[in-house]
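Using the UniProt record's numbering, the first residue of the sequence shown is number 1, and each one after it goes up by one.
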Amino acid sequence: MRRRRQQKLERKLQQFRSKDGGPDTGGTLKIYGSSLCPDVPYKTLLLSVGDTAAGVVREMLDKYGLSRHDPHHYCVVQ
Numbered sequence: 001m002r003r004r005r006q007q008k009l010e011r012k013l014q015q016f017r018s019k020d021g022g023p024d025t026g027g028t029l030k031i032y033g034s035s036l037c038p039d040v041p042y043k044t045l046l047l048s049v050g051d052t053a054a055g056v057v058r059e060m061l062d063k064y065g066l067s068r069h070d071p072h073h074y075c076v077v078q
């Protein structure tokens, strides 16, 4: 399980690396979801500059084990 997750992250990071020496096209975002799961202080998402807020919410719900919840009932705030 851990190895599969590491391989998935490596593949995603490869997509973000610039091939022409320019700036990378993605990075990480920490989501502090204490209202979703008080026992887990935060989750880290690997995102590209093309990811949408709706996609971030979906991925965040998956990471917190709430994939059955409707992402339209959630939002990202700063």
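For every residue, glycine included, the Cβ atom is placed at its ideal position computed from N, Cα and C.
- Counted as a single uninterrupted DSSP element, the alpha helix (DSSP H) harbouring L61 occupies residues A53 to K63.
- Under the criterion of beta carbons closer than 8 Å, V57 and V76 qualify as touching, at roughly 6 Å.
- In this structure, the beta-carbon distance from K8 to S48 does not fall below 9 Å.
- According to DSSP, residue pairing for G27 in a beta bridge involves L47.
- Excluding the 5 residues flanking it on each side, Y64 has same chain C-beta neighbours closer than 8 Å at G33, L36, C37, V40 and K43, in chain order.
- The alpha-carbon of E59 is positioned some 12 Å away from that of H69.
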